[in-house]
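Below is one structure, written out as structure tokens; the observations come after it.
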Amino acid sequence: MQMTLGMLAVRHGCELRGDPDAVVTHVATLAAAEPGSLAFLANPQYRSQLPQTRATAVVLSAADAEACPVGCLLSANPYLSYAAMAADLHPPAVLSPGVAAGARVAPDGKVPLSCQIEAGAVISSGARLGEQVYVGPNAVIGAECVVGDGTRIMAAAVLYERTRIGRRCLVHSGVVLGADGFGIARDSSGAWTKVPQVGSVVIGDDVEVGANTTIDRGAIGDTVIGNGVKLDNQIQIGHNVTIGEHTVIAAFAGVSGSTHIGARCIIGGAARFAGHLEIADDVVIGGDAKVTHSISQPGVYGGTIPAGEARQWRKNAVRFGQLDELAKRLQRLEQLVKTLTGGRQ
Amino acid sequence: MQMTLGMLAVRHGCELRGDPDAVVTHVATLAAAEPGSLAFLANPQYRSQLPQTRATAVVLSAADAEACPVGCLLSANPYLSYAAMAADLHPPAVLSPGVAAGARVAPDGKVPLSCQIEAGAVISSGARLGEQVYVGPNAVIGAECVVGDGTRIMAAAVLYERTRIGRRCLVHSGVVLGADGFGIARDSSGAWTKVPQVGSVVIGDDVEVGANTTIDRGAIGDTVIGNGVKLDNQIQIGHNVTIGEHTVIAAFAGVSGSTHIGARCIIGGAARFAGHLEIADDVVIGGDAKVTHSISQPGVYGGTIPAGEARQWRKNAVRFGQLDELAKRLQRLEQLVKTLTGGRQ
Amino acid sequence: MQMTLGMLAVRHGCELRGDPDAVVTHVATLAAAEPGSLAFLANPQYRSQLPQTRATAVVLSAADAEACPVGCLLSANPYLSYAAMAADLHPPAVLSPGVAAGARVAPDGKVPLSCQIEAGAVISSGARLGEQVYVGPNAVIGAECVVGDGTRIMAAAVLYERTRIGRRCLVHSGVVLGADGFGIARDSSGAWTKVPQVGSVVIGDDVEVGANTTIDRGAIGDTVIGNGVKLDNQIQIGHNVTIGEHTVIAAFAGVSGSTHIGARCIIGGAARFAGHLEIADDVVIGGDAKVTHSISQPGVYGGTIPAGEARQWRKNAVRFGQLDELAKRLQRLEQLVKTLTGGRQ
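Residue numbers (my numbering), protein chains in the order written: chain Y, 118 to 462; chain U, 118 to 462; chain F, 118 to 462.
Okay, here's the thing in structure tokens:
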């Protein structure tokens with residue numbers, strides 16, 4: 118797709134400094150851009166690349182415009198504006214509706230004519246797809262699943278029976294939705310009995326689920342993912358977890374069973390939540406944090422055992438790096454005091 | 118399925134307080150229960166929900182019965198009793214034997230008539246299934262694999278060649294059994310040569326393997342998972358690991374090559390084991406523990422570098438939260454002593 | 118395959134002590150070996166098993182030869198020599214060229230006659246395979262992918278569109294190459310907009326990718342994995358990461374977006390890298406290290422917040438285990454000084 122800078126400025130409400138008729142055809146980094154490229158500057162770490170860029174235009178904040186040698190599209194949120202313009206230049210593939218040879222659709226599965234079902238995909242009994250759903254090669258839609266309009270289930274993703282997923286979602290390859298939660302009860306011999314996992318998974322609209330992420334079905338009742346939630350790769354969501362709208366979670370994070378995470382939270386990579394916690398809206402959790410207690414107030418949290426207020430945690434983290442020095446100072450002090458007191462303890 | 122309270126009490130050896138003819142049809146949480154629901158109380162965190170429950174009956178301990186406004190099924194282990202009753206009310210789906218159109222069974226693969234093989238499943242050459250085995254859509258059973266009676270291999274799970282798995286197991290979607298272990302040898306140029314992984318994976322009876330968990334084949338000899346082991350999602354088990362009977366492991370845990378874990382161990386989420394360790398029977402490892410040394414005695418262990426006895430570890434963990442205060446007290450003390458000694462060091 | 122000790126010694130440049138006509142047919146551990154077995158001794162932890170071994174021959178260093186009761190193949194790098202000999206005794210399966218019934222090859226997909234395509238595999242439009250490529254059951258090769266000669270894509274692995282992979286690679290089951298990176302931009306309401314991920318994944322020659330590992334496609338430009346890189350299971354590589362030649366990474370490690378890792382690095386299990394870092398060649402990162410800063414010098418690094426020089430880090434780690442004792446000593450000292458100063462503070 119190609120766009121003029123004038124069109125981009127108008128469509129996305131940006132001030133343009135430069136030629137409105139100049140054409141861009143693709144996105145590029147500041148460093149790799151060539152004429153025809155649209156670049157952006159959001160992370161200050163890359164500011165030094167701006168003066169040499171060969172892009173046709175750069176999306177950036179007004180403060181950076183002076184240093185820009187080419188066309189400027191000014192935005193208060195350059196990364197957000199860039200995202201929208203990049204979607205103009207690189208729109209997702211248009212569906213080729215139809216059921217490929219080698220796909221298997223159960224006789225009572227509902228697949229509208231506007232859907233694209235790829236080779237090897239399996240649509241099980243009673244599953245119902247909305248309009249313009251994409252089901253990739255070898256993906257599996259379990260019995261009685263419901264998939265909303267415009268949702269894309271990528272190659273080899275698996276939805277267990279009765280999973281419900283909303284509109285315009287994107288479920289990447291290797292994702293498993295609705296496998297059994299880890300519910301086991303121990304008997305007096307030390308052996309374990311499986312606790313039936315009779316709930317399901319319910320996912321809202323505009324949710325993205327990254328590759329190889331797993332979301333377990335509820336033990337009783339459902340595991341619920343709110344509208345607009347974005348999950349990175351290799352995340353584990355336990356049974357009966359709920360996640361509020363527009364919360365985002367980075368790779369390797371894990372949420373144990375029955376923990377409820379609020380709306381608009383930002384969870385760092387490899388953060389881990391114990392079970393049965395309540396996390397408020399608008400909470401930010403640092404990467405690798407181990408959250409063992411509920412959090413009732415919005416704010417930034419990180420660290421371990423339990424997650425403390427961020428400021429205190431950062432102080433401790435700095436001290437950890439000084440621990441060896443700390444212990445040496447203490448030894449020195451002990452010697453000094455010993456001398457001072459003539460060896461009495 | 119529906120059951121009377123009397124039937125449940127008799128079948129599971131519970132004392133009943135309430136109407137033996139009252140009928141329950143499904144399980145529910147204390148908070149969401151309605152007439153017809155069977156609920157349970159095991160975690161004291163939920164005790165406050167008991168007085169308002171609308172369940173027909175609650176499985177609980179004798180100590181909690183007084184506060185229960187509805188029928189009581191008394192058990193010394195309410196969660197275990199609940200698990201068994203839930204399985205009565207929500208039995209697993211009965212198999213629909215047969216090989217679906219679109220499944221591929223090698224001519225020399227052995228698939229009894231009692232098995233259910235779903236669309237897209239692949240049963241490779243020389244594989245042998247027991248009676249009443251379920252192989253889900255797009256699951257892959259490699260060459261010469263052996264799968265025991267009643268085992269279920271869910272959608273898109275993969276068994277590499279020569280994997281052997283026992284009876285009544287449940288292998289969830291995205292699981293990979295028998296991929297190569299991470300065996301590489303470095304040459305003098307810094308490049309790496311692959312070490313052939315010629316062993317296999319052997320899994321006992323009544324084992325559950327959670328979604329996207331990986332168990333590597335042995336380098337020499339087999340990786341062995343004992344009877345009754347329960348593995349959560351996204352676990353990694355290295356080559357030539359052995360895990361004793363009835364050990365359970367939570368999500369994200371990892372066991373490096375040639376480590377041997379005993380029977381009836383309980384391993385917390387994201388716990389990590391170095392290679393070539395010996396872990397005794399009846400060991401409990403806390404979540405996120407990094408185990409770098411062998412453990413010869415039963416007990417509770419946690420923490421880092423290396424895992425220490427739990428009590429000491431908890432003390433250290435508390436101190437970690439006080440580190441900043443500790444350092445400040447030390448500074449104060451140093452000043453004081455400096456004054457005391459007239460500035461001599 | 119069977120080999121004489123003489124053949125092995127000649128082929129792999131080892132000094133032989135023992136009967137050159139003795140035959141070995143398979144590899145085994147020192148403890149489990151029987152006549153006909155080839156064993157090796159590289160890890161000193163297993164030296165005690167040498168005197169009792171029943172192997173026909175053992176690959177070991179000259180220093181260990183004296184204690185060896187059977188044939189010796191002497192090597193300066195016994196594990197490397199063993200790897201090569203094991204590959205002689207246990208060569209990978211020879212391909213059975215052809216496209217299995219139930220595989221789906223797009224009309225414009227290029228699949229040479231020397232390739233083996235298994236049941237349920239999907240070769241999408243415009244994909245081009247080299248000679249002697251293996252595509253396992255239910256694996257998915259996306260549109261416009263390029264796969265080099267001799268590469269093996271195991272069961273149920275997924276390559277998104279435009280992934281390019283070199284020669285003699287091994288991609289294990291459950292691997293996802295080229296899913297979207299985690300690129301999202303927040304608007305003023307707190308909702309997130311997806312940033313199109315328009316780059317791809319480019320993998321060199323002789324790369325191994327472990328089961329369920331995920332490598333995201335570039336946001337702009339490509340994610341690049343160099344020749345000879347070996348990745349263990351369940352690793353996450355973010356968008357626009359580059360990894361230099363012959364670097365190896367253990368299970369559960371994660372590299373955030375736009376971080377560049379040099380050549381010949383060794384990365385421990387569950388090590389995590391923040392985004393936008395530069396890591397030099399020949400860097401060794403300990404298991405569980407959290408790397409938050411760039412590293413410009415070769416060396417051994419480990420620990421947390423940020424990764425420090427290894428020696429200092431190890432000292433701190435030891436001190437962490439002494440923290441409780443440390444705090445008690447401090448308390449004692451404070452009491453002593455209080456006494457000394459008559460209670461004045």
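Backbone N, C-alpha and C fix where the C-beta goes; we use that ideal spot for every residue, glycine too. None of the values given here were measured: they were computed from a predicted structure.
Item, Value
"For F:E248 and U:S231, I'd like the C-alpha separation in whole angstroms.", "41 Å"
"How would you write the range of the beta strand (DSSP E) that Y:S306 sits in, first residue to last?", "Unbroken run through Y:S306: none, as it is neither H nor E."
"Can you tell me which residues form a DSSP beta bridge with Y:I258?", "Y:I240 and Y:L276"
"In this structure, how does DSSP classify Y:E362 when only helix, strand and coil are distinguished?", "coil"
"So, using beta-carbon positions, are U:N357 and U:A391 closer together than 7 Å?", "no"
"Could you please tell me which residues of the stretch 205 to 229 of chain F, in chain order, have their CB closer than 7 Å to any CB of chain Y?", "R221"
"Leaving aside the five residues before and after U:G379 along the sequence, list all residues of the same chain whose C-beta is less than 6 Å from its C-beta, in chain order.", "G361, I396, A397 and D398"
"Using beta-carbon positions only, say whether Y:L246 and Y:V264 come within less than 7 Å of one another.", "yes"
"Just confirm the distance between the C-beta atoms of F:G343 and F:T310, as a whole number of angstroms; I'd bet it's less than 8 Å.", "33 Å between Cβ atoms; not a contact."
"Exposed or buried, U:D323, counting other C-beta atoms within 10 Å across all chains shown (16 or more means buried)?", "buried"
"Suppose contacts are defined by Cβ-Cβ distances below 7 Å. Is F:V293 in contact with Y:A328 by that definition?", "yes"
"So with Cβ pairs under 7 Å, would you call U:V144 a contact of chain Y?", "yes"
"Identify whether F:L212 lies in helix, strand or coil by the three-state DSSP scheme.", "coil"
"In chain C, which residues lie with their C-beta within 8 Å of the C-beta of U:E132?", "No chain C appears in this structure, whose protein chains are Y, U and F."
"Does U:I320 come within less than 7 Å of chain F when only Cβ atoms are used?", "no"
"Determine whether the Cβ of F:G419 lies closer than 7 Å to any Cβ atom of chain Y.", "no"
"Expressed to the nearest angstrom, what Euclidean distance is found between the alpha-carbon atoms of F:F157 and F:T146?", "7 Å"
"Should Y:V141 be labelled buried (16 or more other beta-carbon atoms within 10 Å of its own) or exposed?", "buried"
"Could you confirm whether any beta carbon from chain Y is found closer than 7 Å to the beta carbon of U:V454?", "yes"
"The beta strand (DSSP E) spanning Y:F400 covers which residue range?", "A quick correction: the sequence has Val, not Phe, at residue 400 of chain Y. Where Y:V400 is concerned, the enclosing beta strand (DSSP E) stretches over V400 to I402."
"Using C-beta distances below 6 Å, list every residue in its chain close to F:M124, excluding the 5 sequence neighbours before and after it, in chain order.", "none"
"Grouping DSSP H, G and I as helix and E and B as strand, with all else coil, what is U:G416?", "strand"
"Drop a sphere of 10 angstroms on the beta-carbon of Y:N160, count the other beta-carbons inside from all chains shown, and report buried for 16 or more, exposed for fewer.", "exposed"
"Check whether the stretch 297 to 311 of chain F touches the stretch 300 to 320 of chain Y, taking contact to mean three or more Cβ pairs, one atom from each stretch, closer than 8 Å.", "no"
"Please confirm whether Y:G371 has its beta-carbon closer than 7 Å to some beta-carbon of chain U.", "yes"
"Under 8 Å by Cβ, that's how I've got U:A139 and U:A174 pegged, so tell me the actual separation to the nearest angstrom.", "7 Å"
"Check whether the Cβ atoms of Y:H388 and Y:D333 sit closer than 7 Å, and answer yes or no.", "Here the sequence assigns Ala to residue 388 of chain Y, which means His is not the residue at that position. No, they are not a contact pair."
"Taking Y:L177 as part of the beta strand (DSSP E), name the residues at either end of that continuous run.", "A174 to L177"
"Closer than 7 Å, Cβ to Cβ, to anything on chain U: give me those residues from the stretch 339 to 362 of chain F, in chain order.", "G345, K347, D349, N350 and Q351"
"My guess is that Y:L190 and F:L443 are in contact by the Cβ rule of under 8 Å, so how many angstroms apart are they, rounded?", "Not quite, the Cβ-Cβ distance comes to about 57 Å (not below 8 Å), so this is no contact."
"Taking 7 Å as the cut-off, decide whether the C-beta atoms of Y:V275 and U:S198 are in contact.", "no"
"Where do the N-terminal and C-terminal ends of the alpha helix (DSSP H) with Y:S127 fall, by residue?", "According to the sequence provided, residue 127 of chain Y is Val. The question's Ser does not apply to it. That run of the alpha helix (DSSP H) goes L122 to H129."
"To the nearest angstrom, how far is the alpha carbon of F:A179 from that of F:R164?", "13 Å"
"Do F:I383 and F:V401 have their CB atoms nearer than 7 Å?", "yes"
"Mark U:T456 as exposed unless 16 or more other C-beta atoms lie within 10 angstroms of its C-beta, in which case mark it buried.", "exposed"
"Against chain Y, which members of the stretch 268 to 298 of chain U pass a CB distance test of less than 8 Å?", "M271, A272, A273, L287, H289, S290 and G291"
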